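**Student:** Protein sequence lines, in the order shown, are assigned to chains A and B.
Residues in the first sequence are numbered from 4 upward in steps of one, following my numbering.
Residues in the second sequence are numbered from 130 upward in steps of one, following my numbering.
Don't be surprised by glycine CBs; every beta carbon is placed ideally from N, CA and C.
Here the structure is a predicted model, which means the values were calculated and not measured.
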Amino acid sequence: MHILKEPLLHFILIGAAIFGWFAIVGPKDESAERGDAIVIDDADVTLLVTRFETTWKRPPNDVELQVLIDALVREEILVREARNLGLDRGDQVIRARLAQKMDFLSDAIAASVDPEDAVLEAYVAANPARFTKPWQKAFDQVYLGDQPVPEDVDTALTALTAGREWSEFGVRSLMPRSMPLSPPGAVDAAFGPGFSAALVPLEPGVWAGPIQSGYGMHLVRVTETRPEYLPPLTDIRDAVLIAWRRDTAEELAQAQYETLAAQYRVETPGSGE
Amino acid sequence: MLRLSVCLLTLVSVPASAIADAVPTKEAAEGTFAERPFSPYANRTFPERPLWGDTHLHTGLSLDAGAFGNTLLPDDAWRFAKGEQVISSTGQPVRLARPLDWMVLTDHTDLMGFAPDLQAGKPGVISDPKGLEWYEGYKAGGEEAGKAAFDIITNFSQMTLPEILLESYSPGADAFAFTWEHIVLAAERHNDPGQFTAFIGFEWTSVPKGFNLHRNVMLRDGPIRALQVVPPVTQPPYGNTDPKALYSWLEDYEAKTGGRAVAFAHNGNLSNGWMFPTEDTYHGGQVDEEYVQNRARWEPHYEVTQIKGDGEAHPYLSPDDPFADYENWDIGNLDITELKTEDMLAGEYAREALKRGLMLEEKFGVNPYKFGMGGATDSHTSLATAEEDNFFGKSVSVEPSPTRIQHPFIANELGEIPGDLLVASGYTAVWATDNTRSAIFDAFKRRETYATTGPRIGLRFFGGWAFDEGDLETRFLADVGYTKGVPMGGDLRPREGDGAPNFLIGALRDPIGANLDRVQVVKGWLDADGAMQEKVYNVAWSDDRSQDADGNLPEVGNTVDVETASWSNTIGASELITVWSDPDFDPNERAFYYVRVLEIPTPRWLLYDKLRFGIDLPEDAQLIHQERAYSSPIWYTPG
């Protein structure tokens with residue numbers, strides 16, 4: 004069924020199930036009448052003990068446990084009374100916390116799903132630029148100075164093309180004479196913006212130029228080229244998964260919100276008429 | 130259903146597949162070439178180009194950064210350093226002109242991870258009354274948020290943080306361990322050997338009574354070693370502000386994991402004299418054999434220039450150096466609880482420390498202040514910006530805005546460090562053969578690094594006994610340099626003949642930056658009476674200028690147009706190369722030599738603010754400056 008192949012829909016269904024499940028197993032309405040019993044059961048005690056152990060790396064002794072239980076009873080009574088007085092309403096901290104917990108639920112769903120490779124492949128195919136490794140080129144360069152006269156450029160190019168020993172040629176400079184296989188960013192970092200773009204049309208093994216750098220004019224011989232490529236999923240699976248989860252969590256949160264928001268009629272000043 | 134509910138409980142888990150140790154690389158041979166092959170390109174094991182990076186950056190995981198509203202986390206910081214565009218915490222799109230090659234991410238370890246929990250109002254934070262107060266302040270935004278942040282920092286420096294919060298975000302607590310794991314795994318995800326190196330690191334934030342004794346730590350290792358430990362803190366009872374405690378941690382780290390780590394200090398200028406002691410340490414110890422050995426062993430590097438001031442030299446200490454007065458912060462300690470006095474300055478600046486190192490070496494046989502130079506941003510925005518036209522400030526509160534220069538860095542009844550004094554600086558260049566953790570780390574250990582205040586100035590510096598003018602004609606300067614001498618950070622080889630040492634020096638301007646004004650050698654030495662001396666020599670310069678009898682060179686001029694924040698490379702030189710020999714050499718005197726390169730004048734970040742926001746600036750605001758590079762020294766020890 005095509006509909007089940009839509010990941011987003013998938014998540015919304017899962018999301019609905021989780022929200023539903025929470026509604027069933029979650030704590031019941033905690034407001035209660037005065038005079039009701041306050042029951043601390045074994046599960047509560049176990050929780051207290053576990054919390055204590057997390058901090059102190061040992062179980063509480065009897066005195067400590069009694070103090071913890073008393074504190075819990077006190078908290079329970081005060082919370083019930085506070086609710087009865089309506090103190091929980093309009094409290095920014097409580098509201099923010101509740102809203103945040105809802106966000107946690109959507110994040111958790113995205114983080115809990117381990118997508119099939121096919122899903123990730125499709126994601127890569129839809130966002131190739133984010134995962135493509137740029138081209139790399141290695142080259143030799145001869146620096147001709149910042150404003151060489153055109154005749155000198157021609158003479159140099161002719162001599163180099165004729166096979167003159169290039170390392171004895173050109174103006175002395177601290178710039179790297181030979182660059183190892185480097186991506187465009189590294190080329191531009193060493194020679195200035197635009198230099199890497201000028202290398203793209205050059206034929207390997209042939210002296211060409213002049214090419215303008217941040218320093219002046221150069222003759223260049225590309226010695227090796229490795230084209231840009233999209234690595235196979237196995238090499239970049241971690242990166243793809245992280246990106247996919249981030250995108251999916253955002254989409255899901257928004258979709259979830261829209262589903263919930265659809266159940267309300269929102270009125271704001273000026274929206275009613 | 131059950132499976133999903135289990136997943137809900139493991140929200141904080143991280144993909145374990147991201148764990149992999151750094152790829153070990155072949156050891157880069159350096160130094161002499163015994164035999165040269167016919168091909169000049171074979172066996173070339175020295176680096177062709179410097180690798181640019183930042184050794185000091187904070188994300189929202191740092192207490193102060195997060196409290197001031199930094200919501201960007203390590204992933205954002207790494208993506209930005211690699212050249213991606215990100216949206217800053219104030220909603221502004223931002224991108225580096227050129228990506229970095231490597232970076233050390235150094236979040237403050239004290240209360241690491243507290244800030245994001247504060248921003249999110251996590252129960253662990255708001256269950257404490259003080260935590261709730263801060264959270265409400267943070268949520269209120271604006272001035273309230275600023276107040277809350279300031280209150281947090283004050284409580285931190287006064288060591289009056291609520292005990293429960295301190296306990297929950299200190300070593301031993303889950304939140305602390307998870308934050309460390311977050312940092313380690315994010316670095317690992319972004320470490321791309323050969324392309325970009327992401328170092329695991331942290332800042333050990335010792336600031337007793339406001340005296341800045343901070344150290345950054347960088348690990349050579351990957352998660353397998355880094356996750357065997359958690360980083361040390363300074364707040365008692367979980368930590369200690371004495372650097373000795375850091376040294377013990379480093380020693381334990383290496384012993385326990387088999388890994389390697391180094392520490393490096395910064396901002397001696399805010400230590401009120403305690404950064405480079407010669408007699409007593411701040412913590413009541415002595416500068417004794419143990420101290421000098423520890424410091425020499427663990428601190429082979431110093432962050433000499435950054436956002437909170439340039440720490441190379443100070444005019445009071447170097448009255449004959451007209452360029453010593455550069456971006457100095459000399460008002461007081463970090464929180465201005467004590468004003469600066471002149472006698473403190475000698476314990477604060479790198480040049481003086483290098484001299485003190487010679488003196489202590491004479492006394493103990495070990496030089497505790499034998500460090501290489503580096504620059505860093507120390508940005509608290511997750512954004513490693515050090516260029517004047519792209520400066521995103523110290524913290525989120527001073528990201529670009531028309532009012533940012535009105536925010537002082539700090540102000541109180543004793544004094545003020547106004548906002549226009551922030552420095553858009555700097556970066557560290559490393560001469561390493563491979564862009565990997567091991568190759569770059571090893572370059573730090575041998576001090577083959579240099580600092581710049583932001584521009585990517587190329588700088589080669591070799592010392593030896595046999596360089597001559599003919600070497601300038603070579604097309605393979607580095608080849609000659611490594612063959613006949615030692616690179617920056619090294620010790621001169623034993624003296625040959627009866628001459629003075631000479632130095633092969635080459636400086637190349639930033640390919641998209643300003644021309645160079647001059648290259649200088651700064652020499653420091655211990656004279657026959659045991660007194661510390663220094664002298665600055667102009668060794669290469671642009672244009673048609675000549676020195677007078679006292680060695681003074683006319684100024685290079687100024688092409689900055691303050692109406693447009695532009696300048697032109699019609700003055701200065703693209704490249705300056707020279708062989709320089711020490712005219713005042715005495716073979717019996719310990720000495721060091723380092724290079725300082727000055728650019729021609731260019732606009733300071735303030736001028737870009739003025740023009741882009743159309744704002745008025747204080748009359749004395751500095752709009753133009755000369756950016757610079759500082760090499761690591763080369764040392765001479767009498768034979």
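1) Please report the residue range of the beta strand (DSSP E) in which residue 181/A lies.
2) Starting from residue 192/A, find everything on chain B with Cβ-Cβ shorter than 9 Å and list it in chain order.
3) Do residue 700/B and residue 685/B come within 8 Å of each other at the CB atom, strictly closer than that value?
4) Answer with yes or no whether the minimum CB distance from residue 218/A to chain B is below 8 Å.
5) For residue 160/B, decide whether its Cβ has a neighbour in chain A, counting only Cβ atoms nearer than 8 Å.
6) Using the C-alpha atoms, what's the distance from residue 82/A back to residue 76/A?
7) Within 10 Å of its beta-carbon, does residue 90/A have 16 or more other beta-carbons around it, so buried, or fewer, so exposed?
8) Could you list the residues in the region 85-109 of chain A with a C-beta less than 8 Å from some C-beta on chain B, going in chain order?
9) Would residue 249/B count as contacting chain A if we go by Cβ distances under 8 Å?
10) Just to check my reading of the structure: residue 752/B and residue 732/B have Cβ atoms closer than 8 Å, yes? What is that Cβ distance to the nearest angstrom?
11) Cβ of residue 241/A less than 8 Å from any chain B Cβ?
12) Under 9 Å, CB to CB, which of the residues in the region 598-621 of chain B have a partner in chain A?
13) Can you list, in chain order, the residues of its chain whose CB lies under 6 Å from that of residue 315/B, leaving out five sequence neighbours each side?
14) When the Cα of residue 328/B is compared with those of 508/B, 570/B, 618/B, which residue comes out closest?
15) Check distances from the C-beta atoms of the region 255-278 of chain B to those of chain A and list, in chain order, the residues that come in under 8 Å.
16) Provide the residue(s) that pair with residue 709/B in DSSP beta bridges, ordered along the chain.
17) Starting from the Cα of residue 683/B, find the closest Cα among 510/B, 697/B, 693/B, 671/B and give me that residue.
18) Straight-line CA distance for residue 400/B to residue 581/B?
19) I'd like to know if residue 259/A contacts chain B, where contact means its C-beta is closer than 8 Å to some C-beta of that chain.
20) Give me the chain A residues within the contact set of residue 575/B, using Cβ-Cβ distance strictly less than 8 Å, ordered along the chain.
21) Taking 8 Å as the cut-off, does the region 302-317 of chain B touch the region 345-357 of chain B (at least 3 CB pairs, one atom from each stretch)?
22) Any Cβ of chain A within less than 8 Å of the Cβ of residue 318/B?
23) I'd like the ranges of any alpha helix (DSSP H) spanning at least 4 consecutive residues and lying wholly in the region 400-475 of chain B.
24) Where does residue 165/A land, buried or exposed, given buried means 16+ other C-beta within 10 angstroms?
25) Note down the Cα distance separating residue 463/B from residue 453/B, rounded to an integer number of angstroms.
26) Here's the rule: buried if 16 or more other CB atoms are within 10 angstroms of the residue's CB, otherwise exposed. What is residue 42/A?
27) With a threshold of 8 Å between beta carbons, is residue 195/A in contact with chain B?
28) How close, in whole Å, do the beta carbons of residue 636/B and residue 645/B come, if the pair is a contact with beta carbons under 8 Å?
29) If you count every other CB in all the chains shown that lies within 10 Å of the CB of residue 443/B, and 16 or more means buried, which is it?
30) Checking contacts by CB at 8 Å: is residue 637/B closer than that to chain A?
31) Counting contacts by CB-CB distance shorter than 8 Å, is residue 704/B in contact with chain A?
32) Can you find at least 3 beta carbon pairs, one from the region 705-720 of chain B and one from the region 600-613 of chain B, that sit closer than 8 Å?
33) Counting pairs of Cβ atoms below 8 Å between the region 477-497 of chain B and the region 421-437 of chain B, do you hit three or more?
34) Using the DSSP secondary-structure output, state which residues sit across from residue 330/B in a beta bridge.
35) Residues of chain A with CB closer than 9 Å to the CB of residue 589/B, please, in chain order.
36) Along chain B, in chain order, which residues have C-beta atoms closer than 8 Å to that of residue 77/A?
**Tutor:** Based on what the coordinates show:
1) As a first step, residue 181/A is located in the first sequence; it is residue number 178 there, counting from the start. Taken as a continuous stretch (DSSP letters only), the beta strand (DSSP E) holding residue 181/A covers 181-185.
2) Taking the first residue of the first sequence as position 1, residue 192/A is located at position 189. 178, 181, 227, 228, 230, 585, 640, listed in chain order.
3) Here residue 685/B refers to the residue found at position 556 of the second sequence. Here residue 700/B refers to the residue found at position 571 of the second sequence. Result yes, Cβ atoms of residue 685/B and residue 700/B sit closer than 8 Å.
4) Within the first sequence, residue 218/A is the residue found at index 215, counting from 1. At least one chain B Cβ lies under 8 Å of residue 218/A.
5) Walking along the second sequence from the start, residue 160/B turns up at place 31. Below a pLDDT of 50, predicted positions are generally treated as unreliable, and residue 160/B, at 37, falls in that range; the measurement from the model is reported next regardless. Output row for residue 160/B: interface = no.
6) On the first sequence, position 73 is the one that residue 76/A refers to. On the first sequence, position 79 is the one that residue 82/A refers to. Each residue's Cα considered, the two are about 10 Å apart.
7) Residue mapping note: residue 90/A aligns to position 87 of the first sequence, counting from 1. Exposed, because fewer than 16 other Cβ atoms sit within 10 Å of the Cβ of residue 90/A.
8) 95, 96, 99, 100, 103, 107, 108
9) For this step, residue 249/B is matched to residue 120 along the second sequence. Answer yes: the Cβ-Cβ gap between residue 249/B and chain A drops below 8 Å somewhere.
10) As a first step, residue 752/B must be located in the second sequence, where it is residue number 623. As a first step, residue 732/B must be located in the second sequence, where it is residue number 603. Yes, they are in contact, since the Cβ atoms of residue 752/B and residue 732/B sit about 6 Å apart, within 8 Å.
11) Here residue 241/A is taken as the residue at index 238 of the first sequence, counted from 1. For residue 241/A, the answer is yes, since a Cβ of chain B falls inside 8 Å of its Cβ.
12) 601, 602, 603, 604, 605, 606, 607
13) Here residue 315/B refers to the residue found at position 186 when the second sequence is read from its first residue. So the list reads 203, 204, once near-sequence residues are dropped.
14) The residue you call residue 328/B lines up with position 199 of the second sequence. For residue 328/B, the nearest C-alpha among the options comes from 570/B.
15) 255, 261, 264, 265, 268
16) Here residue 709/B is taken as the residue at index 580 of the second sequence, counted from 1. Per DSSP, 632/B.
17) Translated into positions along the second sequence, residue 683/B becomes position 554. The candidate whose alpha carbon is nearest that of residue 683/B is 671/B.
18) Along the second sequence, one-based indexing puts residue 400/B at 271. Along the second sequence, one-based indexing puts residue 581/B at 452. Between residue 400/B and residue 581/B, the C-alpha separation is close to 22 Å.
19) Counting from 1 along the first sequence, the entry for residue 259/A is found at position 256. Output row for residue 259/A: interface = no.
20) Here residue 575/B is taken as the residue at index 446 of the second sequence, counted from 1. By Cβ distance, chain A contributes nothing, its closest Cβ being about 21 Å from residue 575/B, past 8 Å.
21) yes
22) Position 189 of the second sequence, counted from the first residue, corresponds to residue 318/B. So yes, residue 318/B belongs to the interface.
23) 418-427
24) On the first sequence, position 162 is the one that residue 165/A refers to. Exposed, since its Cβ has fewer than 16 Cβ neighbours within 10 Å.
25) Taking the first residue of the second sequence as 1, we reach residue 463/B at position 334. Taking the first residue of the second sequence as 1, we reach residue 453/B at position 324. Looking at the two C-alpha atoms, the distance is approximately 21 Å.
26) Residue numbering aside, residue 42/A sits at position 39 when the first sequence is read from its first letter. Exposed, by the Cβ-count rule.
27) Locating residue 195/A in the first sequence gives position 192, counting from the first residue. Yes - at least one Cβ of chain B is within 8 Å of the one on residue 195/A.
28) By one-based count along the second sequence, residue 636/B stands at place 507. By one-based count along the second sequence, residue 645/B stands at place 516. Rounded, the Cβ-Cβ distance is 6 Å, consistent with contact.
29) Translated into positions along the second sequence, residue 443/B becomes position 314. Classification of residue 443/B: buried, given that the 10 Å Cβ count is 16 or more.
30) Stepping through the second sequence from its first residue, residue 637/B is reached at position 508. Judged by the 8 Å Cβ criterion, residue 637/B is in contact with chain A.
31) In the second sequence, the residue the question calls residue 704/B occupies position 575. Yes, its Cβ sits closer than 8 Å to a Cβ of chain A.
32) yes
33) yes
34) Start at 1 with the first residue of the second sequence, and residue 330/B comes out as number 201. Note: residue 330/B sits in a beta bridge opposite 347/B.
35) Taking the second sequence and counting its residues from 1, the one referred to as residue 589/B is at position 460. Those are 177, listed as they occur along chain A.
36) Your numbering for residue 77/A matches position 74 in the first sequence. The contacting residues do not exist; residue 77/A stays about 15 Å from chain B at best.
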